[in-house]
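Q: Chains as they are written, first to last, in my numbering: chain F, 453 to 603; chain E, 861 to 1067.
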Amino acid sequence: MINKLSIIASITLGVLAVTTSLQSHSAEIESLRGASELDRTSSAPEHKRYAKDGRPIARDYVQQPPLIPHKIDNYRINLKSNKCMSCHSWKNYREAGATKISQTHFEDRDKHVLANVSARRYFCTQCHVPQVNAPALVENEFEPITAISGE
Amino acid sequence: MNSNKSTECNIICRLWEKLKKPSLRYSLGALLTVGFVAGIIFWGGFNTAMEMTNTEDFCISCHEMKDNVYEEYKQTIHYSNRTGVRATCPDCHVPKEWQHKIVRKIQASNELLHKALGTIDTREKFEAKRLKLAGNVWTAMKKTDSRECRNCHDFEFMDFGTQGRRAIRQHSTALDEGKTCIDCHKGIAHELPDMHSIDPTGVIGSN
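Structure, rendered in structure tokens:
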């Protein structure tokens, strides 16, 4: 009898503890959109603009996919055509005045070198991204190595 | 032959005989006025009919255009942009000058025939024909030095100083090299066809 009572008591206590801790937590949880009541529309964040065409942006580490220093609005990449390659392929880069894609873009995952751009490097914007003029979301103190910074 | 001319005269030649005779009842002035007014009405009607086919609404009244090129064009700069100035289908596809417009409209009657035949009445059929259709436009634009683009965009009045870095570099040399807008701006308003045959280095796979 005493055993049963103590089990019930501990279960009740446990449930109470969990619910109170959940309640106090739910007040702290904040979604990425910020704290706003479910039934109210949160105010829209400021609209960010893509940077205008500029010079190539310095890289921070050697293996980094370089950032895209120009606008890419409406540049389509699909199985029928790839707008990026109309300027960055080895045939077109000279006329376009663009950097040609590097050798690694021809390698499949077994490091076999193919005759044309490899499937794993076809969808350029998986790795290369344009920039908006916005403060960093997360603070970071990354320093490039001497080979890049020269310091 | 000459002798039995009057006996062999059929309806048409009798009508002609009548038309040839000067009118006894109406003055020359009245006849000219009537002719002039009729001419205006006919010409006006003809032009109005032609202009009615020169609107975006008409162009996308068939589903072949509405479901394919129109949907794609809605994502592009000529449909929606900062200033709200638009380029509609006929702006790029129908010449402004009358003599070129007539030629384009006659070509369009061939397109209506294919509409009736259902040549491109599914997305798959459309995609299969797309390279050919796009090629027609490219050839035409190459031949006219992209006349329809230049109706709105005039190189003379482009302020290169306010353009992007890549645009400045290409535009300032393009004309000297004999290039025209469509050489560099393919796919400006629609998705492109399969570009393998145009530039094998631009698409995945090796041919």
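Where is the CB? At the ideal position from N, CA and C, for every residue including glycine.
Beta-carbon of R572 of chain F versus every beta-carbon of chain E: anything under 8 Å?
A: Taking the first sequence and counting its residues from 1, the one referred to as residue 572 of chain F is at position 120. Not closer than 8 Å to any Cβ of chain E, the Cβ of R572 of chain F fails to qualify, so no.
Q: Give me, in chain order, the residues of the same chain whose beta-carbon lies closer than 6 Å to that of C539 of chain F; leave out the 5 immediate sequence neighbours on both sides.
A: If you number the first sequence from 1, residue 539 of chain F lands on position 87. Excluding residues within five positions, the ones whose Cβ falls inside 6 Å are A548 and A550.
Q: On the CB-based measure, 16 or more other CB atoms within 10 Å of its CB, does T1061 of chain E come out buried or exposed?
A: Here the question's residue 1061 of chain E lines up with position 201 in the second sequence. It counts as buried.
Q: Looking at T948 of chain E and E916 of chain E, is the spacing between their C-beta atoms short of 8 Å?
A: Translated into the one-based positions of the second sequence, residue 916 of chain E becomes position 56. Translated into the one-based positions of the second sequence, residue 948 of chain E becomes position 88. Cβ atoms of E916 of chain E and T948 of chain E: closer than 8 Å.
Q: Would you call S574 of chain F buried or exposed, if buried means 16 or more other Cβ atoms sit within 10 Å of its Cβ?
A: Position 122 of the first sequence holds residue 574 of chain F. The question names Ser, but residue 574 of chain F is Tyr in the sequence shown. By the 10 Å Cβ count, Y574 of chain F comes out buried.
Q: Beta-carbon separation of Y527 of chain F and C536 of chain F under 8 Å?
A: The residue given as residue 527 of chain F occupies position 75 in the first sequence. The residue given as residue 536 of chain F occupies position 84 in the first sequence. Their beta carbons are under 8 Å apart, which means Y527 of chain F touches C536 of chain F by this criterion.
Q: In chain order, which alpha helix (DSSP H) runs of at least 4 residues are fully inside the stretch 930 to 1009 of chain E?
A: You should have 949 to 953, 958 to 977 and 983 to 1003.
Q: Hey, I966 of chain E and E924 of chain E: beta-carbon distance below 8 Å or not?
A: One-based indexing of the second sequence puts residue 966 of chain E at position 106. One-based indexing of the second sequence puts residue 924 of chain E at position 64. Not in contact: I966 of chain E and E924 of chain E (Cβ atoms no closer than 8 Å).
Q: Buried or exposed for A588 of chain F, going by 16 or more other Cβ atoms inside 10 Å?
A: Along the first sequence, read from residue 1 onward, the residue named residue 588 of chain F stands at position 136. So A588 of chain F counts as exposed.
Q: Closer than 9 Å by beta-carbon distance: list the chain E residues that pair up with K532 of chain F, in chain order.
A: Locating residue 532 of chain F in the first sequence gives position 80, counting from the first residue. In chain order: E987, R990, E1051, L1052, P1053, D1054, M1055, H1056 and V1063.
Q: For a contact meaning CB atoms closer than 8 Å, what does I937 of chain E contact in chain F?
A: Counting from one through the second sequence, the residue named residue 937 of chain E turns up at place 77. Those are D525 and N526, listed as they occur along chain F.
Q: Apply the 10 Å Cβ neighbour rule to H522 of chain F and answer buried if 16 or more other Cβ atoms are within range, or exposed otherwise.
A: Translated into the one-based positions of the first sequence, residue 522 of chain F becomes position 70. Counting Cβ neighbours within 10 Å, H522 of chain F comes out buried, since at least 16 surround it.
Q: With 16 other CB atoms within 10 Å as the buried threshold, where does G506 of chain F fall?
A: Here residue 506 of chain F corresponds to residue number 54 of the first sequence, with the count starting at 1. Exposed, since its Cβ has fewer than 16 Cβ neighbours within 10 Å.
Q: Give the straight-line distance between the Cα atoms of I509 of chain F and S1006 of chain E, rounded to the nearest whole angstrom.
A: As a working note, residue 509 of chain F is residue 57 in the first sequence. As a working note, residue 1006 of chain E is residue 146 in the second sequence. Cα-Cα distance, rounded: 35 Å.
Q: Using the rule of at least 16 other Cβ atoms within 10 Å of the residue's Cβ for burial, across every protein chain shown, is N941 of chain E buried or exposed?
A: The count along the second sequence starts at 1 and reaches residue 941 of chain E at position 81. Flag for N941 of chain E reads exposed.
Q: Can you confirm whether S488 of chain F, when its beta carbon is compared against all beta carbons of chain E, has any partner nearer than 8 Å?
A: Position 36 of the first sequence holds residue 488 of chain F. Cβ-Cβ to chain E under 8 Å: no for S488 of chain F.
Q: Assign I920 of chain E to buried or exposed, taking buried as 16 or more other Cβ atoms, counted over all protein chains shown, within 10 Å of its Cβ.
A: Counting from one through the second sequence, the residue named residue 920 of chain E turns up at place 60. Classification for I920 of chain E: buried.
Q: Which residues share a DSSP beta bridge with Y502 of chain F?
A: The residue labelled residue 502 of chain F in the question sits at position 50 within the first sequence. In DSSP, Y502 of chain F forms a bridge with F:V584.
Q: Do we get a CB-CB distance below 8 Å when we pair V569 of chain F with the residues of chain E?
A: Mapped onto the first sequence, residue 569 of chain F falls at position 117. Yes, V569 of chain F counts as interfacial toward chain E.
Q: Leaving out five residues on either side along the sequence, give the residues of the same chain with a beta carbon under 7 Å from the beta carbon of S488 of chain F.
A: Taking the first sequence and counting its residues from 1, one reaches residue 488 of chain F at position 36. Excluding sequence neighbours, S488 of chain F sits near S494.
Q: Determine contact between the stretch 560 to 567 of chain F and the stretch 1047 to 1055 of chain E, defined as no fewer than three beta-carbon pairs at a distance below 8 Å.
A: Cβ pair count under 8 Å is below three, so no.
Q: For D581 of chain F, I'd like the list of residues in its chain whose CB is within less than 7 Å of its CB, leaving aside the five on either flank, ordered along the chain.
A: Residue mapping note: residue 581 of chain F aligns to position 129 of the first sequence, counting from 1. Residue 581 of chain F is actually Val in this sequence, not Asp. The answer, listed in chain order, is L519 and I520.
Q: If you run the structure through DSSP and keep just helix, strand and coil, what is N534 of chain F?
A: For the purposes of this step, residue 534 of chain F is identified with residue 82 of the first sequence, where counting begins at 1. Strand.
Q: Under 7 Å Cβ-Cβ, which residues of chain E neighbour H499 of chain F?
A: Within the first sequence, numbered from 1, the residue matching residue 499 of chain F stands at position 47. Residues of chain E passing the Cβ test: none, with the nearest at roughly 12 Å.
Q: Out of E:P950, E:S1032 and E:V963, which has the shortest C-alpha to C-alpha gap to N1011 of chain E?
A: In the second sequence, the residue the question calls residue 1011 of chain E occupies position 151. Nearest of E:P950, E:S1032 and E:V963 to N1011 of chain E, Cα basis: E:P950.
Q: What does D505 of chain F touch in chain E if you count any residue whose Cβ is under 7 Å from its own?
A: Start at 1 with the first residue of the first sequence, and residue 505 of chain F comes out as number 53. What D505 of chain F touches in chain E: G1024, R1025 and R1026.
Q: Tell me whether V897 of chain E sits in a helix, a strand or coil according to DSSP, three-state version.
A: Along the second sequence, one-based indexing puts residue 897 of chain E at 37. DSSP places V897 of chain E in helix when its eight states are reduced to three.
Q: Leaving out five residues on either side along the sequence, give the residues of the same chain with a beta carbon under 7 Å from the beta carbon of R511 of chain F.
A: For the purposes of this step, residue 511 of chain F is identified with residue 59 of the first sequence, where counting begins at 1. Contacts found: P518 and I600.
Q: Within the 8 Å Cβ cut-off, does S476 of chain F reach chain E?
A: The residue given as residue 476 of chain F occupies position 24 in the first sequence. Confidence at S476 of chain F is low in this model, with a pLDDT of 49, below 50, so its placement is unreliable and the value that follows should be read with caution. It does not; no Cβ of chain E falls within 8 Å.
Q: With DSSP as the reference, identify every bridge partner of E559 of chain F, one or two as the case may be.
A: In the first sequence, residue 559 of chain F corresponds to position 107, counting from 1. Answer by DSSP bridge pairing, in chain order: F:V565.
Q: Who are the neighbours of G1047 of chain E on chain F, taking C-beta pairs under 8 Å?
A: One-based indexing of the second sequence puts residue 1047 of chain E at position 187. What G1047 of chain E touches in chain F: R528, S533 and K535.
Q: Between M1001 of chain E and I1042 of chain E, which are expected to be in contact by the criterion C-beta below 8 Å, what is the C-beta distance as a whole number of angstroms?
A: Looking up residue 1001 of chain E in the second sequence gives position 141. Looking up residue 1042 of chain E in the second sequence gives position 182. Confirmed, Cβ separation roughly 4 Å.
Q: If distances are taken between C-alpha atoms only, which option among F:E603, F:R492 and F:P497 comes closest to L484 of chain F?
A: To locate residue 484 of chain F, count along the first sequence from 1; it is residue 32. Out of F:E603, F:R492 and F:P497, F:P497 has the C-alpha closest to the C-alpha of L484 of chain F.
Q: Determine the closest residue to F1020 of chain E out of E:N970, E:H953 and E:I1028, with distance taken between C-alpha atoms.
A: The residue labelled residue 1020 of chain E in the question sits at position 160 within the second sequence. Closest option to F1020 of chain E, Cα to Cα, is E:I1028.
Q: Can you name the residues of chain F whose CB is closer than 8 Å to the CB of R1029 of chain E?
A: The count along the second sequence starts at 1 and reaches residue 1029 of chain E at position 169. The contacting residues are G549.
Q: In the DSSP output, what is I520 of chain F paired with across the bridge?
A: In the first sequence, residue 520 of chain F corresponds to position 68, counting from 1. According to DSSP, I520 of chain F bridges with F:P582.
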